[in-house]
Each structure stands twice: as structure tokens, then as C-alpha cells.
Amino acid sequence: MWKVIYVASNWREAEEMKDRLAREGLMVMLRSGSRDKQSARNVELLVPRLEAREAHSIIMQYIGTARV
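Numbering (our numbering) for the sequence shown: 1 to 68.
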């Protein structure tokens, strides 16, 4: 079972977050309502439910350091 842990504002941000989580050893899936990656808005990052807490923590740490 997969759980949405973050909604990125565009595909580029979603890929950046996905890469960050993958480097930590987490499986990540991206989902968007748009077929075109260039125009995708509100891209969901999903992880297995058992990894959701860890993934959320990693993202919050990253956002805290990236957006000072």
C-alpha cells in the first residue's frame, strides 16, 4: 500500500525530492494528473506506507535546509 507524503508544485521539484529519498534507500513513485511532465502541477510523491514516517522526516529536513 502506497501513501502520499508530499505534493510538489511541479515535476522538477518532484524529481528532486524523489532523488533525495532514493539516496536514503526509500522506494518512491511519482503521480500526476497530467500526461505532459513539462506542464505537470501538483505532483504527488508516494512511498510504501511502512516508510511514510521516515520519508516525511527526510523531506521536512530537506525543506528546512533548502529554503532558508
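Each residue gets a CB set at the ideal place from its N, CA and C atoms; glycine is no exception.
With DSSP as the reference, label residue i as helix, strand or coil.
i	result
A8	strand
R20	helix
R31	strand
L45	strand
Between the C-alpha atoms of residue i and residue j, what's the straight-line distance to the nearest angstrom?
i	j	result
G33	R49	21 angstroms
Write down the C-beta distance between residue i and residue j rounded to the nearest angstrom, noting that I regard them as a contact closer than 8 angstroms.
i	j	result
E24	I58	6 angstroms
A55	N10	No, A55 and N10 are not in contact; Cβ-Cβ is about 19 angstroms, not under 8 angstroms.
Would you mind sorting residue i into buried or exposed? The rule is 16 or more other CB atoms within 10 Å of its CB.
i	result
V4	exposed
A8	buried
A22	exposed
E51	buried
Determine, using beta-carbon pairs with one atom in the stretch 18–27 and one in the stretch 40–47, whether at least three such pairs fall under 8 angstroms. yes
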